[in-house]
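Novice: Under the numbering used here, residues 10 to 161 are what the sequence shown spells out, in order. Ideal Cβ placement from N, Cα and C applies to all residues, glycine included. Bear in mind that the values here come from a model prediction, so they are computed numbers and not experimental data. Below is one structure. I have some questions about it.
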Amino acid sequence: MPNLSRFLKKKSYSNYILKTRGLLYVNGFYEPHKVAGQKDTENYYIYTPTKEIFTIGVVYANFKDYESNNVYPTFSVITTAANPLLEEIHNEKKRMPLIIPHDRRDAWLNASTKEDVQQLMIPYEGELGAHKVFRVTGAKGDTNRPDIQDAI
Numbered sequence: 010m011p012n013l014s015r016f017l018k019k020k021s022y023s024n025y026i027l028k029t030r031g032l033l034y035v036n037g038f039y040e041p042h043k044v045a046g047q048k049d050t051e052n053y054y055i056y057t058p059t060k061e062i063f064t065i066g067v068v069y070a071n072f073k074d075y076e077s078n079n080v081y082p083t084f085s086v087i088t089t090a091a092n093p094l095l096e097e098i099h100n101e102k103k104r105m106p107l108i109i110p111h112d113r114r115d116a117w118l119n120a121s122t123k124e125d126v127q128q129l130m131i132p133y134e135g136e137l138g139a140h141k142v143f144r145v146t147g148a149k150g151d152t153n154r155p156d157i158q159d160a161i
């Protein structure tokens, strides 16, 4: 389980982890896999077996560009220790996005104490599926297409 104090020490999170938590709705996410002897990582697409939408815990804030005076909404994905599947895939840092199960969404959004937030920052215990996908990082051409999730 990640230590909440780690987030409280980082300026990028400390102002937000107790105040502006949100949910990112996704149908999957990508993780790198380091292969011994290879420079580039392999990419894996992670999803629920039913391929339903699920949520990832985030913190959010507005960023003001002082040159243009424009304000941009931003967010950062919260990570936690990897579950057994993600330990195999994300094999260097052994981290994974903080998946917030449906029955804990309200608790994540409304937790008001450090202890409440800490109890929610646990690796996902539900079932996940994964398959290798086309490597997007550094790829030339349009990578914003539906088949990017297809197994290779």
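Based on Cα-Cα distance, which residue from A139, N153 and K19 lies nearest to P58?
Specialist: A139
Novice: Would you call Y34 buried or exposed, if buried means 16 or more other Cβ atoms sit within 10 Å of its Cβ?
Specialist: exposed
Novice: What ranges does the beta strand (DSSP E) occupy inside the region 81-127, keeping only unbroken runs of at least 3 residues that lie completely in it?
Specialist: 88-90 and 104-106
Novice: Can the beta-carbon of I157 be found closer than 9 Å to that of V145?
Specialist: Yes, they are a contact pair.
Novice: Can you tell me whether DSSP reads F157 as helix, strand or coil?
Specialist: The question names Phe, but residue 157 is Ile in the sequence shown. Helix at I157.
Novice: Please return the same chain residues whose Cβ sits closer than 8 Å to the Cβ of L118, not counting the five positions on each side in sequence.
Specialist: R30, G31 and L32
Novice: Go ahead and label G135 buried or exposed: buried means 16 or more other beta carbons lie within 10 angstroms of its beta carbon, across all protein chains shown.
Specialist: By the neighbour-count rule (16 or more Cβ atoms within 10 Å), G135 is not buried but exposed.
Novice: Per DSSP, which one or two residues make a beta bridge with E51?
Specialist: According to DSSP, which records beta bridges pairwise, E51 is partnered with H42.
Novice: What's the call for H99, buried or exposed, on a 16-neighbour Cβ count within 10 Å?
Specialist: buried
Novice: Assuming V67 and K73 make a contact with CB atoms under 8 Å, what is their CB distance in whole Å?
Specialist: That belief does not hold up - the Cβ atoms of V67 and K73 are roughly 19 Å apart, past 8 Å.
Novice: Would you decide whether P106 is buried or exposed? Buried here means 16 or more other CB atoms lie within 10 Å of its CB.
Specialist: buried
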